[in-house]
Amino acid sequence: METRRTSDLLSYLVKKKQATSKELCTHLHCSISTLRRELLELEKRKLIRRTWGGAILNETTNMEYTYLQREASNIPEKKIISELARDFIAPGMCIFLDSSSTVLHLIPLLVKIPNLIIITNGLRTALKLSECQNESLKIYLTGGEVKLNASTVISNTLDPITSSFRFNAAFLSCRGLDHEGIYEANFNQAQIKKEMMNKAQEIVLLADETKFDSTHFFKIGDYYDYDAIVTNKKPPKIYHRIIEKNDIHLVYPTE
């Protein structure tokens, strides 16, 4: 079973790509012997490669670690983001939810809102929504290819669900963002998000603090494509300037 420490370690390496043992011990607040056990376990799972004095993520710059691993990481941060994102949703709206693990934490809040129409390309998202007791809720799952280890349906332009709906709002996560834009680690994921953005009146980006300063191959969009960014803590100053310049509504907890 993956512990919170293991999830934090993996999330850190996904962001940094490589790190020294000293750096990882400081980040995790653990001893070198504890770190060694964690690294051995991740190496057995072929997620990292141990090096002399540290570890490197097993990837060609853009490894997609599995959906369940992502779901288990940064849970407190995702819950904060979901609580804040809830304020963008009103009764009777038609919204799109992507297949991200962050969106899963929105579901307990959404099911209390009457007369929502929700379209998603997330298998686990659709399943959790289907278990709710809100009879006024309408749920649509996009059609297409199921992506292994991602709980995602990859649609194409011929899918009647994706081509028929227009959304009041789209709630999207990302794999990373830097000062030049927002990114995904997979081409198909990037394309479906771009398509959904074109169909939405309002686009809300959900990004926890680990997503900042993280660049990937596939760009989803520029900052001016988004209406709001919801995160769990105040971003670095450079992002404040970019967000303000692009007239984006920035939402994070205030102390």
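Residue numbers are given in the UniProt record's numbering: position 60 of the sequence shown equals residue 60, and the series is strictly consecutive. Don't be surprised by glycine CBs; every beta carbon is placed ideally from N, CA and C.
Looking at the strands, I want to know which residues DSSP matches up with residue i.
i       : result
Cys-94  : Ile-117
Asp-178 : Gly-181
Arg-50  : Ala-55
Lys-219 : Tyr-183
Rounding to the nearest angstrom, what Cα-Cα distance links residue i and residue j in this structure?
i           : j       : result
Ala-207     : Pro-114 : 26 Å
Leu-109     : Lys-233 : 20 Å
Asp-98      : Glu-145 : 15 Å
Ile-119     : Val-14  : 29 Å
residue 274 : Lys-237 : The structure shown does not extend to residue 274, since the chain is modelled only from 1 to 255, so the question has no answer here.
Ile-95      : Leu-116 : 8 Å
Asn-62      : Ser-11  : Its pLDDT being 42, under 50, Asn-62 is placed unreliably in this model, and the value from its coordinates should be taken loosely. Distance between the alpha carbons of Asn-62 and Ser-11: 13 Å.
Ala-19      : Ala-55  : 6 Å
Ser-101     : Asn-121 : 12 Å
Asp-247     : Glu-131 : 38 Å
His-240     : Ile-203 : 18 Å
Arg-5       : Pro-160 : 43 Å
Lys-219     : Asp-213 : 14 Å
Given residue i, which residues of its chain have a CB within under 8 Å of its CB, disregarding the five upstream and five downstream residues?
i      : result
Leu-84 : Val-230, Val-251, Tyr-252 and Pro-253
Could you tell me if residue i is buried or exposed, where buried requires 16 or more neighbouring beta carbons within 10 angstroms of its beta carbon?
i       : result
Thr-26  : exposed
Lys-78  : buried
Lys-193 : buried
Phe-167 : buried
Arg-175 : buried
Thr-60  : Because Thr-60 carries a pLDDT of 43, less than 50, the predicted location of this residue cannot be relied on, and no value is offered for it.
Pro-235 : buried
His-105 : buried
Leu-39  : buried
Gln-189 : buried
Ser-164 : exposed
His-216 : buried
Lys-128 : buried
Glu-184 : buried
Report all residues from its chain with a CB closer than 7 Å to the CB of residue i; omit the five preceding and five following residues, and keep chain order.
i       : result
Glu-43  : Arg-49 and Arg-50
His-249 : Asp-227 and Ala-228
In its own chain, which residues sit with a C-beta less than 6 Å from the C-beta of residue i, not counting the 5 before and 5 after it?
i       : result
Gln-191 : none
Tyr-224 : Asn-246
Met-196 : Phe-96 and Ala-170
Inter-stretch contact (C-beta, 8 Å, three-pair minimum) for the stretch 124-143 and the stretch 202-218
no
Cβ contact check for the stretch 168-179 and the stretch 88-98: 3 or more pairs under 8 Å
yes
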